[in-house]
Amino acid sequence: MASRYRTDVLVVGAGPVGLFAALELAERGIKVEVIDGQWRTAARSYALALHPGSLELLDRHGLAEELVGEWPGVESDPAVAGGAPCIVRTRIPLWVLESYRRQGWTEARILANYPTLRAADLVQAWAYIAAHREAIDAAIEENEAA
Ligand SMILES: Cc1cc2nc3c(=O)[nH]c(=O)nc-3n(C[C@H](O)[C@H](O)[C@H](O)COP(=O)(O)OP(=O)(O)OC[C@H]3O[C@@H](n4cnc5c(N)ncnc54)[C@H](O)[C@@H]3O)c2cc1C
Numbered sequence: 132m133a134s135r136y137r138t139d140v141l142v143v144g145a146g147p148v149g150l151f152a153a154l155e156l157a158e159r160g161i162k163v164e165v166i167d168g169q170w171r172t173a174a175r176s177y178a179l180a181l182h183p184g185s186l187e188l189l190d191r192h193g194l195a196e197e198l199v200g201e202w203p204g205v206e207s208d209p210a211v212a213g214g215a216p217c218i219v220r221t222r223i224p225l226w227v228l229e230s231y232r233r234q235g236w237t238e239a240r241i242l243a244n245y246p247t248l249r250a251a252d253l254v255q256a257w258a259y260i261a262a263h264r265e266a267i268d269a270a271i272e273e274n275e276a277a
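In the working numbering, the protein residues as written are 132 to 277.
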């Protein structure tokens with residue numbers, strides 16, 4: 132039997148825009164429903180950067196600080212590679228990838244050498260390395276000297 136419900140606003144699409152609109156509406160006491168064609172949440176985040184305008188919006192809800200400085204594609208585990216930052220769900224340290232890049236390896240060659248890596252992992256790796264240049268340089272130097 133078909134059910135009926137009423138809402139003030141129906142948001143179609145639970146992406147960042149739909150969810151943020153729903154949050155803003157709900158905070159103003161407006162009844163809102165969110166529906167999406169997909170039944171599952173996004174499998175992963177592609178975001179590498181947040182625009183100043185997005186950060187301002189998030190800051191209004193106290194979410195900006197929590198997000199800045201987060202690298203979902205990178206993890207450090209003291210038990211893996213001496214705690215060096217690695218591509219998430221792998222044991223591949225970022226300094227190793229950067230070292231190959233400096234030796235002139237193409238992304239295609241790196242991906243062929245590490246079948247568990249995806250192109251998106253490299254995008255995240257290069258962004259993380261650019262933001263942590265000194266630490267990565269130090270790790271490469273340390274390992275070259277060893
Ligand atoms: C590889 C990649 C990297 C990116 N990197 C960044 C970044 O670093 N920084 C940044 O700010 N932005 C980035 N973006 C852009 C960012 O992902 C988009 O701007 C953002 O997702 C747009 O949000 P949205 O809610 O408008 O749409 P979407 O995120 O596309 O969400 C739309 C939702 O609507 C649903 N939907 C669609 N049609 C229907 C329908 N007919 N019925 C029901 N549901 C429907 C979909 O299932 C989906 O959940 C990136 C995008 C890609 C692809």
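Glycine included, every Cβ here is placed at the ideal spot set by N, Cα and C. In this text the structure is predicted, and so the values were computed from the model without any measurement.
Kindly give me the distance between the Cβ atoms of residue i and residue j, rounded to whole angstroms, as I take these residues to be in contact under 8 Å.
{"i": "residue 142", "j": "residue 153", "result": "5 Å"}
{"i": "residue 169", "j": "residue 204", "result": "So it is not a contact: roughly 22 Å between Cβ atoms."}
{"i": "residue 248", "j": "residue 221", "result": "7 Å"}
{"i": "residue 173", "j": "residue 186", "result": "Not really, about 20 Å apart at Cβ, beyond 8 Å."}
Below 8 Å between beta carbons: does that hold for residue i and residue j?
{"i": "residue 253", "j": "residue 229", "result": "no"}
{"i": "residue 245", "j": "residue 216", "result": "no"}
{"i": "residue 151", "j": "residue 188", "result": "yes"}
{"i": "residue 161", "j": "residue 140", "result": "yes"}
Which residue or residues does DSSP assign as beta-bridge partners of residue i?
{"i": "residue 209", "result": "The partner list for residue 209 (beta bridge, DSSP) is empty, contrary to what the question assumes."}
{"i": "residue 254", "result": "Answer is none; residue 254 lacks a bridge partner."}
{"i": "residue 142", "result": "165"}
{"i": "residue 218", "result": "205"}
First and last residue of the beta strand (DSSP E) that includes residue i?
{"i": "residue 227", "result": "Where residue 227 is concerned, there is no enclosing beta strand (DSSP E), although the alpha helix (DSSP H) it sits in stretches over 225-233."}
So the alpha helix (DSSP H) residue i belongs to, where does it begin and stop?
{"i": "residue 267", "result": "264-276"}
{"i": "residue 243", "result": "238-244"}
{"i": "residue 191", "result": "183-191"}
{"i": "residue 194", "result": "Looking at the DSSP string, residue 194 is not in any alpha helix (DSSP H), and its letter there is neither H nor E."}
| query | Within the chosen definition, does the stretch 179-188 reach the stretch 208-221 through at least 3 CB pairs nearer than 8 Å? | reply | no
| task | Report yes or no: do the stretch 151-165 and the stretch 215-232 share at least 3 C-beta pairs separated by less than 8 Å? | result | no
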